[in-house]
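Just below is one structure, and these are the notes that go with it.
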């Protein structure tokens with residue numbers, strides 16, 4: 003479409019090129035990766051074409067026309083730069099790729115500079131397409147999508163004006179050497195009629211565009227209206243200036259002057275729209291439409307939803323809260339209550355669905371001084387937030403049950419320790435004293451044989467009862483665990499084993515909460531018991547490691563395998579106890595290859 007240097011761009015005329023025409027149907031949705039690849043290839047192709055066209059202009063044109071050719075290519079590259087910048091800042095917004103496409107069409111319009119008939123034919127056929135892209139840009143700002151049926155029809159019409167109604171001008175004009183291959187008949191009357199039809203439909207398209215954009219202005223918020231009005235006005239004037247300047251300006255105006263004026267008008271449009279998109283408060287508006295499109299195709303998980311929201315708002319600190327109706331308070335995604343203490347730097351926008359509060363967006367007001375985009379984003383994600391709210395309530399309920407179970411386990415553990423101490427320090431000590439007294443009675447010099455035998459029998463009975471009591475105390479909670487901690491108790495366990503056992507520990511005694519120590523001890527004890535009774539093991543390895551805020555217990559044997567959590571009441575109960583504390587128990591036991599029992603327990607008190 004590029005004009006021959008030195009010739010004004012005439013709307014719809016063969017010797018001049020560039021008439022507006024609007025968009026065809028919306029481009030198909032592209033994921034970011036294919037779009038990135040397509041844009042990279044397109045920009046690379048444009049760079050090559052641009053360099054060749056500049057070289058052609060410099061070597062084949064003379065004087066002012068040489069610089070006109072260079073300037074036209076430079077204007078095309080301005081489109082490319084503006085489009086790439088807009089795309090880089092908002093990859094899922096089609097606006098940037100649309101501007102790049104417009105720049106590419108401008109370069110295609112300059113292909114006649116090479117003097118190759120086929121390229122000249124392509125140049126003439128697509129001469130007015132850049133103006134169609136510019137009208138498309140007007141309708142698609144700021145999201146890159148055509149928001150209404152009226153816009154889609156208008157843009158489709160403008161592309162028809164640019165591509166279909168342009169045809170009579172080169173099919174029925176025989177005096178244009180660069181496109182002789184396109185001429186089917188020398189019918190100037192049909193060419194003139196085609197030009198009139200093209201001009202009339204083009205004018206109707208611009209009237210429709212003006213009406214649609216004026217309607218958008220009326221609906222826009224006052225602050226945005228201040229930015230939209232001059233943008234829309236400039237875009238419409240820039241598009242209309244091409245045919246007006248080419249056909250209606252007095253002949254006293256220099257063709258060179260008209261060319262430069264047209265070039266400045268067309269080149270300024272993508273720059274102005276890109277600046278407004280990125281810095282005029284519309285990036286987030288377009289982003290909100292992108293967010294809606296993303297929600298319609300993606301699984302909005304709690305993490306990806308928050309990330310998408312933060313990206314749209316341009317605020318990495320943005321948070322999503324969910325309304326817990328049963329607790330009459332906001333909770334986070336894990337179901338924990340959140341503190342909404344007053345903060346001058348944070349704003350809160352509530353999200354409602356069907357009149358019911360479902361959540362809120364907490365955001366940085368220095369980044370979003372106007373809450374309108376935040377409210378708009380809230381309306382878009384309301385349904386997903388309601389779904390996540392229900393999930394958050396379930397998580398909160400599950401965590402409440404877990405905390406309740408943990409309190410029960412901890413209370414039971416405390417009671418075990420109390421009973422074990424009472425038995426050890428009370429009843430067991432009394433039995434020891436009674437055994438000593440029975441021994442003293444048996445040692446009296448004047449005691450009768452029958453009394454001596456009775457005292458000895460009493461001493462043996464007391465010792466037997468004390469031994470049973472020690473076993474009971476050990477079963478309730480080993481004294482070594484109470485008095486010396488997990489490491490010492492584990493060493494005692496390992497020392498009593500009849501098979502070779504390796505013990506590795508990277509923890510210190512009494513460095514863990516008591517309930518964690520006792521649970522870890524029971525895991526080790528049960529794993530060792532399982533290895534001795536069922537696994538037919540000949541060697542064992544016990545490892546206790548603290549990794550960050552977790553304690554990892556691992557017991558490995560070389561036995562027959564075949565064990566699993568569901569296989570026995572004791573392992574199943576152990577798994578429940580570990581789960582109650584927020585940990586996990588894993589049993590890996592392939593038949594014939596031994597058993598590895600691994601437990602991880604949070605060890606933050």
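Residue numbers (the numbering used here): 3 to 607. Glycine residues also receive a C-beta, built at the ideal position from the N, C-alpha and C atoms.
Where do the N-terminal and C-terminal ends of the beta strand (DSSP E) with residue 333 fall, by residue?
Residues 331-333.
Do residue 81 and residue 56 have their beta-carbon atoms positioned less than 8 Å apart in this structure?
Against a cut-off of 8 Å, the Cβ pair of residue 81 and residue 56 comes out as no contact.
If I measure Cβ to Cβ from residue 377 and keep anything under 7 Å in the same chain, skipping five residues before and after, which residues do I get?
For residue 377, where only same-chain residues beyond five positions count, the Cβ hits under 7 Å are 351.
Out of 54, 599, 238, 122, state which residue places its alpha-carbon closest to the alpha-carbon of residue 522.
Nearest option by C-alpha distance: 599.
Among residues of its own chain, excluding the 5 on either side of residue 584, which ones have a beta-carbon nearer than 6 Å to its beta-carbon?
Same-chain partners within the cutoff: 604.
State yes or no: is the C-beta of residue 133 within less than 8 Å of the C-beta of residue 260?
Against a cut-off of 8 Å, the Cβ pair of residue 260 and residue 133 comes out as no contact.
Just grab the DSSP bridge partners of residue 321 for me.
Answer is 364.
Grab me the residues of residue 164's own chain with a C-beta within less than 6 Å of its C-beta, minus the 5 sequence neighbours each way, in chain order.
Cβ within range, chain order: 23, 130, 131, 134.
Do residue 436 and residue 458 count as a contact pair if the criterion is CB distance below 8 Å?
Contact flag unset, no.
Among 162, 137, 277, which has the Cα closest to the Cα of residue 211?
The shortest Cα separation from residue 211 among 162, 137, 277 belongs to 137.
Tell me whether residue 156 sits in a helix, a strand or coil according to DSSP, three-state version.
If DSSP states are grouped into helix, strand and coil, residue 156 belongs with the helices.
Do you know how far the Cα of residue 601 is from the Cα of residue 551?
Rounded to the nearest angstrom, the two C-alpha atoms are 14 Å apart.
Assuming residue 554 is part of the beta strand (DSSP E), what are its boundary residues?
552-559 is the extent of the beta strand (DSSP E) around residue 554.
So is residue 415 buried or exposed if we call it buried at 16+ other beta carbons inside 10 Å?
Burial call: buried.
Measure the beta-carbon distance from residue 558 to residue 596 and round it to whole angstroms, keeping in mind my assumption that it falls under 8 Å.
Between residue 596 and residue 558 the Cβ distance is about 7 Å, and since that is below 8 Å, they are a contact.
Report, in whole angstroms, the separation of the C-beta atoms of residue 685 and residue 460, which I expect to be a contact under 8 Å.
What the structure shows of the chain is the stretch from 3 to 607, and residue 685 is not part of that stretch, so it cannot be assessed.
Would you call the CB atoms of residue 362 and residue 332 closer than 8 Å?
Yes, the Cβ-Cβ distance between residue 362 and residue 332 is below 8 Å.
What span of residues does the beta strand (DSSP E) with residue 590 cover, start to end?
Start and end: 586-590.
So which of 166, 97, 153 has the shortest CA-CA distance to residue 144?
Comparing Cα positions, the closest option is 97.
Where residue 27 and residue 157 are concerned, what is the direct C-alpha to C-alpha distance, given to the nearest angstrom?
Here the model assigns residue 27 a pLDDT of 30, short of 50, so the residue's position is not dependable and the matter cannot be decided.
Taking the alpha helix (DSSP H) that residue 516 falls in, what are its first and last residues?
Residues 516-532.
Considering only residues of the same chain and omitting the five flanking positions on each side of residue 503, which have a CB-CB separation below 6 Å?
These residues qualify, in order along the chain: 496, 542.
Less than 8 Å between the C-beta atoms of residue 207 and residue 160, yes or no?
Contact flag set, yes.
Quick check: what's the CA-CA separation for residue 323 versus residue 267?
Going by the C-alpha atoms only, they are around 48 Å apart.
Residue 494 lies in the alpha helix (DSSP H); which residues open and close that run?
Note, residue 494: alpha helix (DSSP H), 488-497.
Taking C-alpha atoms, which residue in 560, 586, 544, 369 lies nearest to residue 592?
Measuring from the Cα of residue 592, the nearest candidate turns out to be 560.
Alpha carbon to alpha carbon, what distance is there between residue 44 and residue 270?
Those two C-alpha atoms are separated by around 22 Å.
Beta-carbon within less than 6 Å of residue 30's beta-carbon, same chain only, minus the 5 sequence neighbours each way: which residues are those?
Unreliable placement is indicated for residue 30, whose pLDDT of 35 sits below 50; the coordinate value is still reported in the next sentence. So the list is empty, once near-sequence residues are dropped.
Looking only at DSSP bridge pairs, what is residue 601 linked to?
555, 587, per the DSSP bridge assignment.
Assuming contact is defined by CB atoms lying nearer than 8 Å, are residue 534 and residue 514 in contact in what I supplied?
No, these two residues do not count as a Cβ contact at 8 Å.
Give the single residue among 88, 99, 112 whose Cα lies nearest to the Cα of residue 76.
The residue with the shortest Cα to Cα distance from residue 76 is 112.
If you draw a straight line from the alpha carbon of residue 482 to that of residue 339, how long is it in whole angstroms?
Rounded to the nearest angstrom, the two C-alpha atoms are 40 Å apart.
Quick check: residue 215 and residue 140, are their CB atoms within less than 8 Å of each other?
Yes, the Cβ-Cβ distance between residue 215 and residue 140 is below 8 Å.
Quick one: Cα of residue 25 to Cα of residue 226, how far?
Its pLDDT being 26, under 50, residue 25 is placed unreliably by the model, and the measurement read from it follows with that caveat. About 24 Å.
When you compare only the Cα positions, how much space is there between residue 209 and residue 202?
Roughly 11 Å separates the two Cα atoms.
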